[in-house]
């Protein structure tokens, strides 16, 4: 088999071996004790030619239904949005995707400036003073925000209060992260779809490092940020808000409600669902937390001739300098996806982002009205952004099966995350759902619900 | 060469310009006030740019021209494995059945995706010699922390609550001690001996009944194989600890030796390094973790199961450390890594390591006469040089790195590992040709000669880049982390 990624010729090999002064390449591995050498051949599938590789992966790809084949009403943290064509054309430029972390600023100004612009856009949307260059995803960003809250109290406060309106998988990730430094995670239930503010107030104490809510929450409803902020700050806890950044095109940003940290996932901006990753966590904060923030920060400066330029900065927080005293262990992040999000935010711009957000609100309200008009129960009647819950009064999985037969990908089965929510379907409606698709969904949903 | 300042995208903005095309509004005019209460309605518009589509393309094309990637030129950044990123992987990852699947679709709709993930797990288990693999961790550092959390749960399940220390060599990546700390351990440093390897005597001293694990990169960050690994494994295991393998340097050992056979209990791999990721300007990566049977019950949940009826997710895992990432990891990166493994097979992967090591040794020997070589014996996939000799002439390693930029190269990793003075860590990778290595060696030799004869050329470098050395002190002292619109006297928008 020839390997097109390996340029070594027999002649090169011989010249190099001669130059080094060894007889063969095995001599170069002589430091490896015989006892632990792997002598057989690894049991892997045989090498494939490029055409065979394409065939193989096309076969695998075609075994999956994808959300572009059918109108999809599935959201629950990952959304089917308009991706401007320019996004992929930019991120396919190999000067971006074949580079690594911009350690040498003189030949990495492109990446550094792109990150600086990303940080600026995230600050604008969230209403916060600073933002980092990205996190793995919204859930790990949320967990790291909890660690920052504890560390901000110099580990004197060890309790994190978190609303059950937070994405269930983020809640799970938070618990795993919190168990490292032995933080206590106290969950606050929802009351009529929103975080129970009184329960937050009751749970607060001097040991509370941070209070976390999601806005809009996992179940679609908006949260009473004003009251929760008061409850958090009364005890000098950090107020942490997880937000869908697209929603902030139309919703009052958490920064205006006094949030100390705003985190979330920029997946709605130019990033396809791809089975849940890679997406793009973001981390925004108030200035007082600048030296506590995890991950890379890009700052503006000047060169020897006074020209504006950009560098990685305030690195004394980071693992490669501070080692075990670092604010986080994060090294690789989601830079390319942050670039995708930046391009999408630039294309949408001030007007488009608001318009797209509004279309989500309008479509979602339209569908909710239509479902209600057919006599099907709606669980949350409160204001929503792009998700709400339908009570189908039977297993959601069987309804989704029927919808699928009609060419529709139904909503999220909430019984999977809460056994008290049998029969509840979390439905998402983005700007991509046409009126025809929504009307078709309502018709087929009614048929499926009334089938027996 | 472009030496003008590059405008920020915000500075290109003009009110009323658009770069988007949203679906037609079919529902007619609705007052947003009727849909959302006033307290939730955003009153100020976010200051995002208003630009046309062509402006966007020109802006980002200009930025890309100010960025060096592997496709632009040689990138011997040690410990980062900057190998070629196959273009076919970019096409494959964008196939609709991979790019547009939602993790909450019913399992029967995504069997192809699940098969791919399962086969990748199996392949990585075979490559590392481990029993079971999870694809959940997003990057190497998250893999480290995941592995340590599993070790912690393992000890706790055995009633070993006092094991609170993780041993880390002084030459280790910074993420090792940082991950130990995030996992709730205290990091203890073990010294490197004069051979550039872990000092076994010191390891014995710091190992005890409070040892949870030893984290090791093998070959280590000096590019040397820890040839006493069998003894080290015995020291740690006899004390009841576990052995953690940092896979950042696994490009040296594919098909030659396996962490599982060396005695490691937990392994992470960096798929964006060894398995062609790509690096994305800093990410996304992917950091799968492999474990022995003994530690498998503690893997993050859910677990991917293959049964007669197909692939399924198993959530009933009472000993699991829980979730470390939402959904199922950085699937898009995992697709690329799997395509790479299918392209290379066992035969190709072994050649990868053979040639990576040959390239590194050749380059090391070509440079040896001109630079201090602290460990003068065969290296693995990378090697370290010291700029000590040039420092005496007033030329620092930083200066030489900057001078390399004039030749169109990305410099090696510098000032790491921290136990070598004026360190340069060079990793050429197997995808570079002999000609490239020779040209790079010639440039390095020229720089060494310049350091002797005309040091100011090196000290004042770079000379040909779009920007000169930047004031990092200013950036840290007076941080400007976002664009702020201000209007000067000529009414020109400036940052």
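Residue numbers (my numbering), protein chains in the order written: chain A, 5 to 456; chain B, 9 to 503. Backbone N, C-alpha and C define an ideal beta-carbon position, used for all residues, glycine too.
So residue i and residue j are in contact, right, with Cβ under 8 Å, and what is the actual spacing, rounded?
i, j, result
"residue 31 (chain B)", "residue 89 (chain A)", "Incorrect: roughly 15 Å between the Cβ atoms, too far for contact."
"residue 159 (chain B)", "residue 309 (chain B)", "Residue 159 (chain B) to residue 309 (chain B), Cβ: 17 Å. No contact."
"residue 301 (chain A)", "residue 137 (chain A)", "7 Å"
"residue 270 (chain B)", "residue 375 (chain B)", "Actually they do not touch by this definition, with Cβ atoms about 30 Å apart."
"residue 111 (chain A)", "residue 76 (chain B)", "4 Å"
"residue 256 (chain B)", "residue 361 (chain B)", "Contact flag wrong, Cβ pair sits at about 14 Å."
"residue 27 (chain B)", "residue 353 (chain A)", "6 Å"
According to DSSP, simplified to helix, strand and coil, what is residue i?
i, result
"residue 496 (chain B)", "The predicted model places residue 496 (chain B) with a pLDDT of 44, which falls under 50 and marks its position as unreliable, so this point remains unresolved."
"residue 204 (chain A)", "helix"
"residue 378 (chain A)", "coil"
"residue 73 (chain A)", "coil"
"residue 8 (chain B)", "Nothing about residue 8 (chain B) can be read from this structure; chain B reaches only from 9 to 503."
"residue 123 (chain A)", "helix"
"residue 250 (chain B)", "strand"
"residue 5 (chain A)", "coil"
"residue 10 (chain B)", "Note that residue 10 (chain B) scores 48 on pLDDT, short of 50, meaning its location in the model is unreliable and no value can be drawn from it."
"residue 258 (chain A)", "helix"
"residue 447 (chain A)", "helix"
"residue 298 (chain A)", "coil"
"residue 104 (chain B)", "helix"
"residue 169 (chain A)", "coil"
"residue 41 (chain A)", "strand"
"residue 501 (chain B)", "At residue 501 (chain B) the pLDDT is 40, less than 50, meaning the model places this residue with poor confidence; the figure from the coordinates comes in the next sentence. If DSSP states are grouped into helix, strand and coil, residue 501 (chain B) belongs with the strands."
"residue 360 (chain A)", "helix"
"residue 386 (chain A)", "coil"
"residue 108 (chain A)", "coil"
Go to residue i, then tell me how far its alpha helix (DSSP H) extends in each direction, as first and last residue.
i, result
"residue 244 (chain B)", "237-246"
"residue 16 (chain A)", "14-24"
"residue 469 (chain B)", "Premise fails: residue 469 (chain B) is in no alpha helix (DSSP H) and is neither H nor E."
"residue 370 (chain B)", "339-375"
"residue 410 (chain B)", "405-414"
"residue 485 (chain B)", "480-485"
"residue 287 (chain A)", "Residue 287 (chain A) -> not in any alpha helix (DSSP H); beta strand (DSSP E) instead, spanning 285-289."
"residue 54 (chain A)", "54-66"
"residue 155 (chain A)", "142-156"
I need the boundaries of the beta strand (DSSP E) containing residue i, first residue and last residue.
i, result
"residue 141 (chain B)", "140-142"
"residue 65 (chain B)", "Segment 61-73 is the alpha helix (DSSP H) holding residue 65 (chain B); no beta strand (DSSP E) there."
"residue 312 (chain A)", "312-316"
"residue 269 (chain A)", "265-269"
Is residue i near residue j, with beta carbons less than 8 Å apart?
i, j, result
"residue 219 (chain A)", "residue 282 (chain A)", "no"
"residue 425 (chain B)", "residue 258 (chain B)", "no"
"residue 280 (chain A)", "residue 336 (chain B)", "yes"
"residue 190 (chain A)", "residue 165 (chain A)", "yes"
"residue 388 (chain A)", "residue 169 (chain A)", "no"
"residue 368 (chain B)", "residue 390 (chain B)", "yes"
"residue 252 (chain A)", "residue 151 (chain A)", "no"
"residue 58 (chain B)", "residue 355 (chain A)", "yes"
"residue 126 (chain A)", "residue 484 (chain B)", "no"
"residue 83 (chain B)", "residue 10 (chain A)", "no"
"residue 175 (chain B)", "residue 196 (chain B)", "yes"
"residue 181 (chain A)", "residue 338 (chain A)", "no"
"residue 79 (chain A)", "residue 373 (chain A)", "no"
"residue 314 (chain A)", "residue 57 (chain A)", "no"
"residue 162 (chain A)", "residue 213 (chain A)", "yes"
"residue 3 (chain A)", "residue 291 (chain A)", "Summary: the structure shown does not reach residue 3 (chain A), with chain A confined to residues 5 through 456, and so no result is reported for it."
"residue 305 (chain B)", "residue 136 (chain B)", "no"
Kindly identify the DSSP beta-bridge partner or partners of residue i.
i, result
"residue 391 (chain A)", "A:432"
"residue 416 (chain A)", "A:430"
"residue 174 (chain B)", "B:195, B:221"
"residue 276 (chain B)", "B:254, B:297"
"residue 431 (chain B)", "B:394"
"residue 135 (chain A)", "A:288"
"residue 380 (chain B)", "B:394"
What residues in the region 144-158 of chain B bring their beta carbon closer than 8 Å to a beta carbon of chain C?
-> Any reference to chain C falls outside this structure, whose protein chains are A and B.
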